[in-house]
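Under this note's numbering, the first residue of the sequence shown carries the number 768, and numbering increases by one thereafter. Using N, Cα and C, we set each Cβ at its ideal position, and we do this for glycine too.
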Amino acid sequence: MAKKQGSSGMKYRQTAGNMVFNVINITIFTLFTIICFFPFYYLFINTISDNALVGANMITLIPKGIHFDNYVALRGVQDFGNSVMVTVSRTILGTTLMVLCSAFAGYLTTKRQMWNRSFWYRALVITMYFNAGTIPWYLNMLGLGLTDNYLGYIIPGIVAPYNIILVKTYIESIPASLEESATIDGASVLQVFTKIILPLSKPILATIAIFGAVGNWNSLQDSLILMSNSPGLYTMQHRLWVYLNSSSNLQAAMTMGTAAATVNNKVIKYTISMVTIIPIMLVYPFMQRYFEEGIMLGAVKG
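This is the structure in structure tokens:
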């Protein structure tokens, strides 16, 4: 890049090579964005297009015979509404508790006054590398009384080692003088945490909130294993998994009450996929401005 000295100081002039690089760079990332976005677009246009055309593989880029009856028909499917409420409630409650506990635990691990701080921090980190397996995990949950229990969705996810490490690292980047000033003024540890640390940690908290929300929303294994005897506690993903394994019954249920053409298995799978994808995708625009800053600053140190 050529430099040019002017009256206003140092200026930079684009060379032909830099311009070519920028064009190629923008083109590649634009194509990459389209490739990533197209599967979601393809699913969506097939769920709102004429079902007969979808079944005949005639929908590729432009929707035809637009209708939303497939989404409306899902409301009449047995127990679907209840499973949505279970998923939404566990996502909100589980994510909120995980963020608060991760923030407080991360804050405590930055305090040298904490008893055996190094030991507890290393004990936390080591859990990221060792996993006992599904059967010991299930036996542990059974012994704790968390099978067929709504709290089985909430309690195990409160402590998230990776998120605690991110929060700890981010908090260490906050000037210690702020906390020292508050302490001199008589603020307690809890007051410092709630009035100084939390407000200044919004980027990293938003980042781990996204991780938690996506994890809770998409979770299937815990519902599949822990709630096998409690259909009323099935998450939406578990309920839809059951439906997809008995698609003929779901096809009959969705066809009832819809004016659209016959609902086929392909339309059912597309509609179910969009129902599970759309809500969590709506979270990202609100968190995006915090996400990049939080994940970068939270990962600078180990």
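What residue range is occupied by the uninterrupted alpha helix (DSSP H) comprising G982?
The count along the sequence shown starts at 1 and reaches residue 982 at position 215. That run of the alpha helix (DSSP H) goes K969 to N985.
Taking C-beta to C-beta, are L739 and I1039 nearer than 8 Å?
Residue 739 cannot be examined here, being either before or after the span of the chain that is shown, 768 to 1069.
With C-beta atoms as the reference, is S938 less than 8 Å away from I964?
As a working note, residue 938 is residue 171 in the sequence shown. As a working note, residue 964 is residue 197 in the sequence shown. A small fix is needed here, since residue 938 is Ile in this sequence, not Ser. The answer is yes: Cβ separation under 8 Å.
Runs of alpha helix (DSSP H) lying entirely within the stretch 857 to 916, each at least 4 residues, in chain order
884 to 893 and 901 to 910
Just confirm the distance between the C-beta atoms of K831 and D817, as a whole number of angstroms; I'd bet it's less than 8 Å.
As a first step, residue 831 must be located in the sequence shown, where it is residue number 64. As a first step, residue 817 must be located in the sequence shown, where it is residue number 50. Confirmed, Cβ separation roughly 6 Å.
Is it true that the CB of K1033 sits closer than 8 Å to the CB of V821?
As a working note, residue 821 is residue 54 in the sequence shown. As a working note, residue 1033 is residue 266 in the sequence shown. Closer than 8 Å, so yes.
Using the beta-carbon count (16 or more within 10 Å), is I931 buried or exposed?
Taking the first residue of the sequence shown as position 1, residue 931 is located at position 164. Its Cβ being crowded by 16 or more others within 10 Å, I931 is buried.
Span of the alpha helix (DSSP H) around P928:
As a first step, residue 928 must be located in the sequence shown, where it is residue number 161. P928 to E939 is the span of the alpha helix (DSSP H), which, as asked, contains P928.
Put I833 into one of helix, strand or coil per three-state DSSP.
To locate residue 833, count along the sequence shown from 1; it is residue 66. Of the three classes helix, strand and coil, the one that applies to I833 here is coil, per DSSP.
Just to confirm my understanding: we take G784, look at its own chain, exclude 5 residues before and 5 after, and list those with CB closer than 7 Å. What are they?
For the purposes of this step, residue 784 is taken as residue 17 along the sequence shown, with counting starting at 1. Excluding sequence neighbours, G784 sits near nothing in its chain.
Please report how far the alpha carbon of R780 lies from the alpha carbon of L972, in whole angstroms.
Here residue 780 corresponds to residue number 13 of the sequence shown, with the count starting at 1. Here residue 972 corresponds to residue number 205 of the sequence shown, with the count starting at 1. Straight-line Cα distance between these residues: approximately 40 Å.
Verify whether the separation of the beta carbon atoms of T894 and T1002 is less than 8 Å.
One-based indexing of the sequence shown puts residue 894 at position 127. One-based indexing of the sequence shown puts residue 1002 at position 235. Taking 8 Å as the Cβ cut-off, T894 and T1002 do not qualify as a contacting pair.
Return helix, strand or coil for L965, following the three-state DSSP convention.
Within the sequence shown, the letter at position 198 stands for residue 965. Helix at L965.
Could you check whether T858 and W984 sit closer than 8 Å to each other, using their CB atoms as the reference points?
Along the sequence shown, read from residue 1 onward, the residue named residue 984 stands at position 217. Along the sequence shown, read from residue 1 onward, the residue named residue 858 stands at position 91. Closer than 8 Å, so yes.
Am I right that L993 and M908 are in contact with their C-beta atoms under 8 Å? What's the rounded C-beta distance?
Locating residue 993 in the sequence shown gives position 226, where the first residue counts as 1. Locating residue 908 in the sequence shown gives position 141, where the first residue counts as 1. L993 to M908, Cβ: 6 Å. Contact.
For the candidate residues T877, N898, F897 and Y896, whose alpha-carbon lies nearest to that of Y888?
As a working note, residue 888 is residue 121 in the sequence shown. Checked all of T877, N898, F897 and Y896; the closest Cα to Y888 is T877.
Using the C-alpha atoms, what's the distance from W882 back to L864?
Numbered from 1 along the sequence shown, position 97 holds the residue referred to as residue 864. Numbered from 1 along the sequence shown, position 115 holds the residue referred to as residue 882. Spanning the two alpha carbons is a distance of roughly 24 Å.
To the nearest whole angstrom, what separates the beta carbons of S997 and A870, a pair I think is in contact under 8 Å?
Counted from its first residue, the sequence shown places residue 997 at position 230. Counted from its first residue, the sequence shown places residue 870 at position 103. Wrong, their Cβ atoms sit about 32 Å apart, outside the cutoff.
Taking the alpha-carbon positions, what's the L810 to M1041 distance?
Here residue 810 is taken as the residue at index 43 of the sequence shown, counted from 1. Here residue 1041 is taken as the residue at index 274 of the sequence shown, counted from 1. Looking at the two C-alpha atoms, the distance is approximately 7 Å.
How should T936 be labelled, buried or exposed, when 16 other C-beta atoms within 10 angstroms of its C-beta is the threshold for buried?
By one-based count along the sequence shown, residue 936 stands at place 169. Burial call: buried.
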